[in-house]
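A quick write-up on the structure given underneath.
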Amino acid sequence: MNRRNSRPVKVGNIVIGGNAPIVIQSMTNTDTKDIEKTVKQIKALVEAGCEVVRVSLPDIDSARKVGIIKERLRQENADVPLVGDIHFDYRIALEAINQGIDKIRINPGNIGDESKVVEVVKAAKERGIPLRVGANSGSLPKDLEHLPKSQALAESALREVRILEKHGFYDIVISVKSSDVVETIEANRHIAKLVDYPLHVGVTEAGTIYNSLIKSSVALGVLILDGIVDTLRISIAGDPVNEVIAAKKLLTALHLRRGPNVVACPTCARTVFDVESVALEVEKLVAHIQEDITISVLGCVVNGIGEGKDADVGIAGVKDGVVVFYKGEIMGTYKFDEGLIKLKELVAQALEEKKGIERGQEV
Numbered sequence: 213m214n215r216r217n218s219r220p221v222k223v224g225n226i227v228i229g230g231n232a233p234i235v236i237q238s239m240t241n242t243d244t245k246d247i248e249k250t251v252k253q254i255k256a257l258v259e260a261g262c263e264v265v266r267v268s269l270p271d272i273d274s275a276r277k278v279g280i281i282k283e284r285l286r287q288e289n290a291d292v293p294l295v296g297d298i299h300f301d302y303r304i305a306l307e308a309i310n311q312g313i314d315k316i317r318i319n320p321g322n323i324g325d326e327s328k329v330v331e332v333v334k335a336a337k338e339r340g341i342p343l344r345v346g347a348n349s350g351s352l353p354k355d356l357e358h359l360p361k362s363q364a365l366a367e368s369a370l371r372e373v374r375i376l377e378k379h380g381f382y383d384i385v386i387s388v389k390s391s392d393v394v395e396t397i398e399a400n401r402h403i404a405k406l407v408d409y410p411l412h413v414g415v416t417e418a419g420t421i422y423n424s425l426i427k428s429s430v431a432l433g434v435l436i437l438d439g440i441v442d443t444l445r446i447s448i449a450g451d452p453v454n455e456v457i458a459a460k461k462l463l464t465a466l467h468l469r470r471g472p473n474v475v476a477c478p479t480c481a482r483t484v485f486d487v488e489s490v491a492l493e494v495e496k497l498v499a500h501i502q503e504d505i506t507i508s509v510l511g512c513v514v515n516g517i518g519e520g521k522d523a524d525v526g527i528a529g530v531k532d533g534v535v536v537f538y539k540g541e542i543m544g545t546y547k548f549d550e551g552l553i554k555l556k557e558l559v560a561q562a563l564e565e566k567k568g569i570e571r572g573q574e575v
């Protein structure tokens, strides 16, 4: 797919936009002043594959903790770019920048008079900190309400951008988010035609895991295929680690990331084991893998080999256990626990073969 030619913006050691891969983001839901809980959650996000983490900074005290949190993350080998989420008080932004934050999420329109915006811009310029600006469907200006919602979202975001541009600041990431899938798609398409700033894309207030996965997969999938997503967050109510897992799976499904693809049959009357629980077990088994590999989990052996013939490795249920197959060939019948051990061995074998093929192609 062709990517839109957006300008690159550096956030810590990560590049958003340009030719960089789509960046996965999430946000903590701890009290940022609680350093232990916040560091623990950021580490969990990083281990899951999150590349940029946003933290809420509702007050000065929270902003003062940024430096401590960043140092703790460095000490624990979980260093990751941090974004400070700030509203209303420009002094919080200044303190966060002073503490070493890597990026600020701010709405110039709600920060006060323009002189306060200028102070933030000046500090961000001095430290090389980018600013993320944008609009959500829940907070649109009254004078734009006559426009179609998607256009109003885009125009509202551009107002924030123009304030920064007026003061010579262009290190900007734009976000236009709606809780409505179609509005999110249309708003991002609209703004992508007008500016070349990188876009942070997601469906806001997407809800609990099922609603969010459906809404986010549709909106983000369409916009990724349009080539206009530079960084994304899949918003899910609850544990933010789920957001990262979902984002990785989405990018893997679109062949934009390497990773395991666990295929599981929908089950029928022939099923002889609990396909869902086995598939979940297999997903845990291969969650750490960063290479392309397809593993089939099939409820019976009748169609197992046929349906799993395109898989690298597979497991299928039989009356007294499981069969494990490799590239369409049955390797043997095993008790369940033994079958999982054999599956793990064959996954390692398949990965080694793939690496060998890649090394041969590089020669």
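Mapping to this note's numbering: the sequence shown position 241 is 453, numbers consecutive.
Glycine included, C-beta positions come from ideal geometry on N, C-alpha and C.
Under the Cβ criterion (8 Å, minimum of three pairs), the region 447 to 463 counts as touching the region 409 to 425. Inter-residue distance for residue 237 and residue 568 is about 33 Å (C-alpha atoms, whole angstroms). One thing to note: residue 404 has its Cβ no nearer than 9 Å to the Cβ of residue 286.
Collapsing the DSSP output to three states places residue 387 in a strand. The C-beta separation of residue 560 from residue 524 comes to about 11 Å, leaving the pair out of contact by the 8 Å criterion. Using a C-beta cut-off of 8 Å, the region 330 to 350 makes no contact with the region 247 to 260, since fewer than three inter-stretch Cβ pairs fall below that distance. Within the same chain, Cβ atoms closer than 6 Å to the Cβ of residue 274 are found at 244, 245, the five residues on either side in sequence being excluded. Going by DSSP, residue 265 is part of the beta strand (DSSP E) stretching over 264 to 268. Rounded to whole angstroms, the Cβ separation of residue 251 and residue 281 is 6 Å, and the two are in contact under 8 Å. Assignment of residue 485 by DSSP, reduced to helix, strand and coil, places it in the coil class. With distances taken between CA atoms, residue 365 lies nearest to 347 out of 372, 347, 378. If you look at residue 433, you'll find it in the alpha helix (DSSP H) that goes 421 to 438.
With contacts defined by Cβ atoms closer than 9 Å, residue 545 and residue 526 do not form a contacting pair. Listed in chain order, the non-local C-beta contacts of residue 397 below 7 Å within the same chain comprise 431, 434, 435, local neighbours out to five positions each way being set aside.
DSSP places residue 534 within a strand segment (E or B) once states are collapsed to three. Separation of residue 247 and residue 278 (C-alpha to C-alpha, rounded to the nearest whole angstrom) is 9 Å. DSSP places residue 377 inside the alpha helix (DSSP H), whose first and last residues are 361 to 378. By the Cβ neighbour-count rule, residue 502 is exposed, with fewer than 16 other Cβ atoms within 10 Å of its own. Per DSSP, reduced to three states, the secondary structure at residue 411 is strand.
Bounds of the alpha helix (DSSP H) holding residue 250 are 247 to 260.
For residue 546, there is no enclosing alpha helix (DSSP H); the enclosing beta strand (DSSP E) has its first and last residue at 541 to 546. Comparing alpha-carbon positions, the option among 424, 314, 393 lying closest to residue 385 turns out to be 314. Of the residues assessed, residue 553 falls on the exposed side of the cut-off, its CB having fewer than 16 other CB atoms within 10 angstroms. The bridge partners DSSP lists for residue 472 are 505.
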